[in-house]
Amino acid sequence: MGRSSTRAFDPPVEPDYDDDGPRRRPGGRKLGFLLVLLALAFVAFVVLRIAGIEPNAELVAAMALTPYVTAAGLVLGLLCMLLRRRVVGVAVLLLSVALTALLAPRLLSEEQPGANGERLRVMSVNLSLGKANASTVLSIARSQKADVLVMPELTQAAVDALDEAGLYELFPERVFEVGLGGEGTGVASRLPLRKIVLMDETTMRQPSMVVDMPGRDDIELTAVHVQPGVHANSATTWRRELSELPRPTPDVRVRILAGDFNATFDHAAFRAMVDRGYADAGEEIGDGLSATWQDWPLGPPVAIDHILVDNRCAIASYAVFDIPGSDHNAIVSEVVLP
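When we follow my numbering, the leftmost residue of the sequence shown carries the number 2, and every step to the right adds one.
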């Protein structure tokens, strides 16, 4: 018989990983899968924003939320890093920085042309179907020494309330196209106005006029109220109406567009229109992210009201004011003409 023998075996030893070694990630696979899904949605949004893709109402609405999505992306990226999903976290943070770079110009004052001509104080306030508090509107116009008051959504009831509050005494000149609901738009002025036609009819009334400036060349003003692009089948009309707004005339009269554009700088259609030769008063001052509209819970605060001026003009001031009864704020800018 063969001899029997015994062998001693060492007990198994558990791997000793240091802090950088393999270990189970916090939250497990389900959380990791959720973070990846959120990251992919964020990546898709960034691509659409940078490429300027906004073909339908849903994306028009989504693009207006870019400042909020940017903040959410930063939070998501940091969360991914804390939960050791580093590749996803780094990618999300880099894209968040890219979006932040797009927002930054609205927070930084721009170098402006050396305009040193007459000054024109322009005020715009959407009257919210005529429901805005007339006394507050005129109180702000008076305190800000507005020369011109642009009023989208001007109804006959609003005209009556404004006149009762003293509109005529403050602004004796007017070009009013009163309408039902949100269709009407009007301009009241301290300075003489003469109505002109600069574009075809649009969904909302958008009158244009010459403002008689004493001692210098007259200017042209268009009161803007573009149809919202966030309702069903409205995006095409919204884009067309933005594109058909009067272009600047650098060799002739100064043009100013003021009112409710229903668009922010995160909309490609709005950027294309501004890039023709306009400057945004809020952006020039570094106040381009101050919200001018909100309607909780339907929509968070966004900047859709603007005062656009010919690139030859400079902006001395810009301010936003709350208006009771309206879902829009009033905006006021002092424009320095060339």
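Just so it is clear, CB atoms sit at the ideal spot from N, CA and C, and this is done for glycine as well.
Residue i versus residue j: straight-line alpha-carbon distance, rounded
i	j	result
Glu-174	His-226	20 Å
Glu-59	Leu-150	32 Å
Gly-53	Ala-269	5 Å
Ala-320	Met-152	17 Å
Ser-235	Ala-264	13 Å
Val-91	Met-82	7 Å
Met-245	Asp-201	In the sequence as presented, Met is not what sits at residue 245; that position holds Glu. Those two C-alpha atoms are separated by around 8 Å.
Ala-73	Pro-298	18 Å
Phe-43	Val-198	44 Å
Thr-71	Leu-41	14 Å
First and last residue of the uninterrupted alpha helix (DSSP H) at residue i
i	result
Thr-186	Careful: Thr-186 lies outside any alpha helix (DSSP H), inside the beta strand (DSSP E) at 186 to 190.
Asp-161	157 to 166
Phe-262	Premise fails: Phe-262 is in no alpha helix (DSSP H) and is neither H nor E.
Ser-125	Unbroken run through Ser-125 is the beta strand (DSSP E), 120 to 125; no alpha helix (DSSP H).
Gly-90	87 to 104
Pair within 8 Å by beta-carbon distance, residue i and residue j
i	j	result
Leu-168	Ala-189	yes
Val-93	Gly-78	yes
Leu-66	Ser-97	no
Val-336	Val-123	yes
Leu-222	Met-210	yes
Leu-155	Leu-128	yes
Ile-220	Arg-254	yes
Leu-84	Leu-38	no
Gly-187	Ala-158	no
Val-61	Gly-230	yes
Gln-145	Ala-315	no
Asp-296	Asp-328	yes
Gly-300	Arg-217	no
Own chain partners of residue i with C-beta closer than 6 Å, once the 5 adjacent residues on each side are dropped
i	result
Arg-248	Arg-277
Thr-203	Glu-242
Gly-260	Ser-125, Val-151, Pro-153, Ala-224, Val-225 and His-226
Ala-292	Pro-302, Val-303 and Ala-304
Endpoints, the beta strand (DSSP E) within which residue i is located
i	result
Val-321	315 to 322
Met-210	209 to 212
Ser-334	331 to 337
Leu-309	306 to 311
Ala-224	220 to 226
Distance between beta carbons of residue j and residue i, contact taken as under 8 Å
i	j	result
Ile-332	Ala-133	Rounded, the Cβ-Cβ distance is 13 Å, inconsistent with contact.
Arg-50	Met-64	6 Å
Asp-304	Gly-289	Note that residue 304 corresponds to Ala in the displayed sequence, not to Asp. Going by Cβ atoms, the distance from Ala-304 to Gly-289 rounds to 7 Å, so yes, they are a contact pair.
Val-104	Pro-56	Position check: residue 104 holds Leu in this sequence, whereas Val was assumed. Not confirmed; about 23 Å, so no contact.
Same chain only: Cβ atoms within 7 Å of residue i, ignoring 5 sequence neighbours per side
i	result
Ala-166	Ala-135, Ser-136 and Leu-139
Glu-184	Met-205 and Arg-206
Val-275	Asp-281 and Leu-309
Ala-142	Met-124, Leu-150 and Leu-171
Thr-238	Thr-204 and Gln-228
Close Cβ partners of residue i (< 8 Å) along its chain, the five nearest in sequence each way excluded
i	result
Glu-284	Pro-106, Arg-107, Glu-111 and Phe-266
Asp-213	Leu-192, Pro-193, Leu-194, Arg-195 and Asp-219
Met-2	With a pLDDT of 46 at Met-2, under the threshold of 50, the modelled position of that residue is not reliable, and no figure is offered here.
Check: residue i C-beta below 7 Å from any heavy atom of the ligand SAH
i	result
Ala-147	This structure does not include the ligand SAH; it has no bound ligands of any sort.
Within-8 Å CB hit, residue i to chain D
i	result
Ser-140	The chain labelled as chain D is not found in the depicted structure, where only one protein chain is given.
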